[in-house]
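Under full-length UniProt numbering, residues 1 to 255 are what the sequence shown spells out, in order. In what follows, a structure is listed as structure tokens, so that the remarks can point back to it.
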Amino acid sequence: MPLELVTLPCLSDNYAYLIHDAATGATAVVDVPEAAPILSALAERGWQLSDIWLTHHHADHIQGVAALCAATGARVTGAAADAHRLPPLDTALPDEATFLFAGHPVEAFPVPGHTIGHIAFHLPEARLAFTGDSLMAAGCGRLFEGSPAQMWASLSRLAALPPETLICSGHEYTASNIRFALTLEPANAALISRSERVSLARGEGRPTVPVPLSEELATNPFLRAHLPGMKAAIGMPLAQDAAAFAEIRARKDRF
């Protein structure tokens, strides 16, 4: 039986994700911007939260953890390298870790850039990847702590996942990200089509995440920095891939 995924809007533009295994009743949440929407969704479905997985230390991803733990007794999992600035962890993961969630393998690995200690969770059998503020819908997170080279390496690792993988990212920034992407590739048919679908979804109040990795590969400028056409578009035809990425990120910061 496949895992059930629920996308939960939180705060003004954050997302948390519930993952539920009907066979065992196990339920995990990825990131906890606030507790109330998560508790409401659990009660509505009659689910009991067993696990909390944290991608990184920023307050808008962890500030509801204490209240959620108090209400549910869920176990908290995060990066050992960032344990000093995460809520208390029941499981502190090494840099490369594999564990089981209700019999489903979960791969946790570092994706530094937005923060140094950022990690992603990949469930290969379920074709899900929880990327927080590393790879985002049509974008990537700002480089608050890491270098462009680190973020490019992180995005390259995520880009190598199977293309059918659903990318579950942490914010509703898609419309703004697409507006920027169109300044670089105004004739990209896949990007134009995505822009129209995103506008429709947001007009109807629907989330624009998760998104298949295949769509990100076709439309996300940060995953396309290595392409000759993208390098030509930014006036850096001979640039190394990481340098082209750094230029695109700098332009987005000014956008």
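Here a beta-carbon is modelled for each residue, glycine too, at the ideal position from N, C-alpha and C. Bear in mind that the values here come from a model prediction, so they are computed numbers and not experimental data.
Distance, residue j Cα to residue i Cα
i: Ser-195; j: Asp-21; result: 33 Å
i: Arg-142; j: Pro-228; result: 24 Å
i: Phe-180; j: Thr-24; result: 43 Å
i: Glu-216; j: Leu-223; result: 7 Å
i: residue 256; j: Ile-234; result: Any answer about residue 256 is impossible in this case: the structure gives the chain only from 1 up to 255.
i: Val-65; j: Leu-238; result: 46 Å
i: Ala-43; j: Ala-232; result: 52 Å
i: Ser-50; j: Glu-204; result: 32 Å
i: Leu-128; j: Thr-183; result: 30 Å
i: Thr-91; j: Ala-108; result: 12 Å
i: Ala-35; j: Leu-213; result: 29 Å
i: Ala-225; j: Ala-71; result: 44 Å
i: Thr-115; j: Glu-145; result: 5 Å
i: Leu-166; j: Asp-82; result: 26 Å
i: Cys-140; j: Phe-245; result: 11 Å
i: Ile-19; j: Ala-250; result: 35 Å
Simplified DSSP assignment, three categories, for residue i
i: Met-230; result: helix
i: Ile-167; result: strand
i: Trp-152; result: helix
i: Ile-116; result: coil
i: Leu-238; result: coil
Extent of the continuous alpha helix (DSSP H) run through residue i
i: Asn-177; result: 174-184
i: Gly-73; result: Taken as a continuous stretch (DSSP letters only), Gly-73 belongs to no alpha helix (DSSP H), as it is neither H nor E.
i: His-61; result: 59-62
i: Glu-247; result: 241-254
i: Glu-216; result: 213-219
i: Leu-191; result: 189-203
i: Pro-110; result: Here Pro-110 belongs to no alpha helix (DSSP H); instead the beta strand (DSSP E) covers 104-110.
i: Leu-42; result: 36-45
Pick from the options that is closest to residue i, judged by C-alpha positions
i: Gly-118; options: Ala-189, Gly-146, Arg-206 and His-56; result: First, the amino acid is wrong: residue 118 is His here, not Gly. The shortest Cα separation from His-118 among Ala-189, Gly-146, Arg-206 and His-56 belongs to His-56.
i: Pro-207; options: Glu-4, Leu-3 and Ala-16; result: Ala-16
i: Ala-190; options: Phe-245, His-171 and Ala-218; result: Ala-218
i: Glu-185; options: Gly-73, Leu-18, Met-230 and Pro-94; result: Met-230
i: residue 299; options: Gly-103, Ala-129 and Pro-148; result: Within the shown structure, residues of the chain are numbered from 1 to 255, placing residue 299 beyond reach of any answer.
i: Tyr-173; options: Ala-232, Asn-220, Glu-145 and Leu-238; result: Asn-220
i: Glu-247; options: Ser-214, Glu-107 and Trp-152; result: Trp-152
i: Ala-74; options: Trp-47, Ala-120, Gly-170 and Met-1; result: Trp-47
i: Glu-164; options: Ser-199, Ala-108 and Pro-210; result: Pro-210
i: Ala-67; options: Gly-78, Ile-52 and Ala-80; result: Ile-52
i: Phe-130; options: Ala-36, Ala-250, Asp-31 and Gln-240; result: Asp-31
i: Glu-125; options: Lys-252, Arg-157 and Ala-102; result: Ala-102
i: Arg-202; options: Ala-175, Leu-123 and Ile-192; result: Ala-175
i: His-171; options: Asp-95, Phe-255, Val-198 and Ala-137; result: Ala-137
The beta strand (DSSP E) enclosing residue i, as first and last residue numbers
i: Thr-24; result: Note, Thr-24: premise wrong, no beta strand (DSSP E); not H, not E.
i: Ala-120; result: 119-123
i: Glu-4; result: 4-10
i: Gly-132; result: 128-132
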